[in-house]
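Enquirer:
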Amino acid sequence: MRALVTGGAGFIGSTLVESLLARGDDVLVVDDLSAGTRDNLAPGVTVAELDIRDTAALTALGAQFRPDAVFHLAAQIDVRRSMADPVHDASVNVLGTLSVLQAARDAGAGAVVVCSTGGAIYGDGAPLPTTEAEPAEPESPYGMSKLAAERYTRFFVRTHGLPALVLRFANVYGPRQHPAGGAGVVSLFCDRARTGARPTVFGDGGQTRDFLYVGDVARAALASADRLAAGELAGEVFNVGTGTESTIVELAATIGTIAGLAPEEFAPEFLPARPGELRRSCLDPSRGIAALGLPAPTPLAEGLAHTWSWHTGRRHHGF
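When we follow the working numbering, the leftmost residue of the sequence shown carries the number 1000, and every step to the right adds one.
1) What does a CB cutoff of less than 6 Å around D1123 pick up in its chain, not counting 5 residues either side in sequence?
2) Apply the 10 Å Cβ neighbour rule to T1045 and answer buried if 16 or more other Cβ atoms are within range, or exposed otherwise.
3) Which residue from P1271, T1253, A1132 puts its Cα closest to that of G1287?
4) Quick check: the Cα distance between V1216 and R1175, rounded to an integer number of angstroms?
5) Considering only the beta carbon of each residue, do F1155 and A1163 sit closer than 8 Å?
6) Tell me which residues share the same chain as V1093 and place their Cβ nearer than 8 Å to its Cβ, disregarding the 5 neighbours each side in the sequence.
7) Would you mind working out which of H1177, T1158, A1119, V1112 sits nearest E1235, comparing C-alpha positions?
8) Hey, G1009 and G1035: beta-carbon distance below 8 Å or not?
9) Using a 10 Å radius around the Cβ and a threshold of 16 neighbouring Cβ atoms, would you call N1039 buried or exposed?
10) Closer than 6 Å by C-beta to E1244: which residues in its own chain qualify, once you throw out the five before and the five after it? Chain order, please.
11) Can you tell me which of the three DSSP states L1020 falls into?
12) Around the C-beta of V940, are 16 or more other C-beta atoms found within 10 angstroms, so that it is buried, or is it exposed?
13) Which residues in the same chain have their Cβ closer than 8 Å to the Cβ of L1015, if we skip the five residues on either side of it in sequence?
14) Pull up the CB-CB distance for L1032 and E1048, whole angstroms please, since I reckon it's below 8 Å.
15) Along the chain, where does the alpha helix (DSSP H) containing H1087 start, and where does it finish?
16) So for A1055, helix, strand or coil by DSSP?
17) According to DSSP, which residues form a beta bridge with H1071?
18) Anyone know if the C-beta pair for A1258 and W1309 falls short of 8 Å?
19) So D1190 is in the alpha helix (DSSP H); what residue range does that whole segment cover?
20) Relative to the C-alpha of R1065, which candidate in A1106, H1159, V1248, E1231 has its C-alpha closest?
21) Going by DSSP, what residue range makes up the alpha helix (DSSP H) through L1211?
22) Rank T1194, R1167, A1169 by C-alpha distance to the C-alpha of P1178 and give the top, closest one.
23) Return the first residue and the last residue of the alpha helix (DSSP H) that A1103 is part of.
24) Which term fits Q1063, buried or exposed, when burial requires 16 or more other beta carbons within 10 angstroms of its beta carbon?
25) What is the C-beta distance between Y1172 and F1201, in whole angstroms, given that I count them as a contact (C-beta under 8 Å)?
Laid out in structure tokens, this is it:
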């Protein structure tokens, strides 16, 4: 399979690229390297350094590469930045997605996997674990822009017959996640533990998240592309999560234990809660697991152990 991966030099994208290469697929990465880095990729991986909002350049690239599948992960992912600069957030997440969809359509791609958010799209008050049947009620510009991107994806499916689906990710963590990336509390806590600093918690720490290991994300994306290529599931929206809530203070305690730190050594420092962030978030992944034939999600303790091993043995990418 010829696969084009937007945001492929980033945390999630590079993990997907690694999985594609392991299958023997031909991969082209599109990334402006504003957040990602070539160091995340194996030597020899082709990278087109390109802003996805450059529709003409992206369309020309697609026409040249002729991908069988397009995986769209390039995005502005920082909720706080979306609150401060919603115009930039919408520019990347809405106009950028439109550019990708149009290029994929013009290139004749047989599968388009659009990656969205489950953690920011449903809003507070939704029943937990939240199913795809719940209405989308985003409370931040980030969630709003991702919902708009989903709606444009549905438009391209219905109007142009584009074989595309949407995956709504829970809070993804794992190797290669940058601790300053705007959505990386696991990476941030691991980095604090590695350097001997205490974790900072915004709010009382009782807020919950559904922490999803990045390897599970890659498996879901690959399975989605394979099913789309077989003529199935176009227009679908699937949650990708674990169905399990964990509080932020529980997360900090678990990472401290894995790092071999005493509770008093890794006791959180509390700061005021940040605007635009949900109190509770947890996705019901059962529908996607059944439709895509996925294995059970990676247990949090197992995924955190893998992530901690990477943090303690990684090459340093400036952090």
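Positions of the beta carbon are idealized from the N, C-alpha and C atoms, including for glycine.
Expert: In terms of the structure at hand:
1) Along the sequence shown, read from residue 1 onward, the residue named residue 1123 stands at position 124. L1277, R1278.
2) Locating residue 1045 in the sequence shown gives position 46, counting from the first residue. T1045 is exposed by the Cβ-count criterion.
3) Working through the sequence shown from its first residue, we reach residue 1287 at position 288. When each option's Cα is compared against that of G1287, the closest is A1132.
4) Start at 1 with the first residue of the sequence shown, and residue 1216 comes out as number 217. Start at 1 with the first residue of the sequence shown, and residue 1175 comes out as number 176. Roughly 14 Å between the two C-alpha positions.
5) For the purposes of this step, residue 1155 is taken as the residue at position 156 of the sequence shown. For the purposes of this step, residue 1163 is taken as the residue at position 164 of the sequence shown. Cβ distance < 8 Å, so F1155 and A1163 count as in contact.
6) Your numbering for residue 1093 matches position 94 in the sequence shown. Once the five neighbours on either side are set aside, the close Cβ partners of V1093 are S1144, A1147, A1148, Y1151.
7) Residue 1235 sits at position 236 when you count from the first residue of the sequence shown. It is V1112 whose Cα lies nearest to the Cα of E1235.
8) In the sequence shown, counting from the first residue as 1, residue 1009 sits at position 10. In the sequence shown, counting from the first residue as 1, residue 1035 sits at position 36. Yes, these two residues count as a Cβ contact at 8 Å.
9) As a working note, residue 1039 is residue 40 in the sequence shown. It is buried - the Cβ of N1039 has at least 16 other Cβ atoms within 10 Å.
10) In the sequence shown, the residue the question calls residue 1244 occupies position 245. Excluding residues within five positions, the ones whose Cβ falls inside 6 Å are T1207, C1281.
11) Sequence index remark: in the sequence shown, residue 1020 carries index 21 (1-based). Here L1020 sits in helix by DSSP.
12) The displayed coordinates of the chain run from 1000 to 1318. Any statement about residue 940 would go beyond what the structure contains.
13) By 1-based counting over the sequence shown, the position of residue 1015 is 16. V1004, G1007, F1070, L1072, V1216, A1217, A1220, L1221.
14) Numbered from its first residue, the sequence shown carries residue 1032 at position 33. Numbered from its first residue, the sequence shown carries residue 1048 at position 49. Right, their Cβ atoms sit about 6 Å apart.
15) Here residue 1087 refers to the residue found at position 88 of the sequence shown. Note, H1087: alpha helix (DSSP H), 1085-1089.
16) Position 56 of the sequence shown holds residue 1055. Reduced to three states, the DSSP call for A1055 is helix.
17) Mapped onto the sequence shown, residue 1071 falls at position 72. Paired residue(s): T1005, V1113.
18) Here residue 1258 refers to the residue found at position 259 when the sequence shown is read from its first residue. Here residue 1309 refers to the residue found at position 310 when the sequence shown is read from its first residue. No, they are not a contact pair.
19) In the sequence shown, residue 1190 corresponds to position 191, counting from 1. Start and end: 1184-1194.
20) Along the sequence shown, one-based indexing puts residue 1065 at 66. For R1065, the nearest C-alpha among the options comes from A1106.
21) Stepping through the sequence shown from its first residue, residue 1211 is reached at position 212. Here L1211 belongs to no alpha helix (DSSP H); instead the beta strand (DSSP E) covers 1210-1212.
22) By one-based count along the sequence shown, residue 1178 stands at place 179. Nearest option by C-alpha distance: T1194.
23) As a first step, residue 1103 is located in the sequence shown; it is residue number 104 there, counting from the start. Per DSSP, A1103 belongs to the alpha helix (DSSP H) from 1095-1106.
24) Counting from 1 along the sequence shown, the entry for residue 1063 is found at position 64. Exposed.
25) The residue you call residue 1172 lines up with position 173 of the sequence shown. The residue you call residue 1201 lines up with position 202 of the sequence shown. Incorrect: roughly 17 Å between the Cβ atoms, too far for contact.
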